[in-house]
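Student:
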Amino acid sequence: MPRKPKTIPGPSRLSLILARLTQEPRPHLPNLKSLRLTYAYRNDHFGARHFVKEDLPRIRYANPTVDIQVDKKLKTKEETWKPEMVVELKNGTTHKLDIDGKWSTAIFHELMEISAGPWWQKWKRERAAAGEAASPPPPKPKTGAAAVLP
């Protein structure tokens with residue numbers, strides 16, 4: 001017979017994943033038809049990579065019928081191309097978002113502005129009324145060696 005643990009076990013891994021997928025604001029995007037992302041496989045485009053890791057699973061969970069394509073390309077140090085996100089709405093319009101140098105939260109909020117609809121504006125107003133920031137903080141200016149190097 002196995003011994004009983006003396007401590008109370010914490011939340012399971014599955015419950016933590018489910019809590020992350022259903023956290024507020026839930027990215028319900030009724031106007032979104034497809035989403036295409038292109039970014040560097042490594043060494044660049046950090047905001048886009050974090051967006052794919054943190055926010056794209058939440059978008060997929062809330063919108064299972066949306067066509068999502070992620071294209072990770074190999075980029076050498078000599079190449080200079082920017083990451084992009086192409087958003088196609090159900091009414092046929094497409095929006096090309098420049099996501100170069102943006103945080104993943106800024107990319108998420110920009111996508112929500114385009115395709116979420118009126119509930120997103122309501123959610124932002126409720127957050128503002130509660131005294132909480134609805135938009136991501138602006139990026140901090142570079143200091144030290146990062147400010148000098150290209």
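Going by UniProt numbering, the letters in the sequence shown line up with residues 1 to 150, in that order.
Glycine is no exception: its CB is placed at the ideal position from the N, C-alpha and C atoms.
What does DSSP give as the partner residue(s) for Tyr61 in the beta ladder?
Tutor: Paired residues: none, contrary to the question.
Student: Pairing CB atoms from the stretch 73-85 with CB atoms from the stretch 118-133, are three or more of them under 8 Å?
Tutor: Touching, no, given that fewer than three Cβ pairs across the two stretches are closer than 8 Å.
Student: Would you mind sorting Ile8 into buried or exposed? The rule is 16 or more other CB atoms within 10 Å of its CB.
Tutor: Ile8 should be labelled exposed.
Student: Pick from Gly10, Glu110, Pro5 and Pro25: whose alpha carbon is nearest that of Ala62?
Tutor: Ranking the options by Cα distance to Ala62, first place goes to Pro25.
Student: With DSSP as the reference, identify every bridge partner of Asp71, one or two as the case may be.
Tutor: The partner list for Asp71 (beta bridge, DSSP) reads Thr38.
Student: Which residue wins for smallest C-alpha separation from Val52, given the options Gln23, Thr38 and Asn91?
Tutor: Taking only the C-alpha atoms, the option nearest Val52 is Thr38.
Student: Express the C-alpha separation of Ser104 and Glu54 in angstroms, rounding to a whole number.
Tutor: The straight-line gap from Cα to Cα measures roughly 8 Å.
Student: Output yes or no for whether 8 Å exceeds the beta carbon distance between Pro57 and Leu97.
Tutor: Not closer than 8 Å, so no.
Student: For Arg49, which residues in the same chain have their Cβ closer than 7 Å to its Cβ, ignoring the five residues on either side in sequence?
Tutor: Tyr39, listed in sequence order.
Student: Using only the alpha-carbon positions, how far apart do Pro27 and Ser115 sit?
Tutor: Cα-Cα distance, rounded: 10 Å.
Student: Going by CA-CA distance only, name the one from Arg60, Asp44 and Leu18 that's closest to Ser34.
Tutor: Comparing Cα positions, the closest option is Arg60.
Student: Would you kindly report the start and end of the unbroken alpha helix (DSSP H) that includes Lys90?
Tutor: Element bounds for Lys90: n/a, residue is neither H nor E.
Student: Could you give the DSSP three-state label for Leu29: helix, strand or coil?
Tutor: Three-state DSSP puts Leu29 in coil, outside helix and strand.
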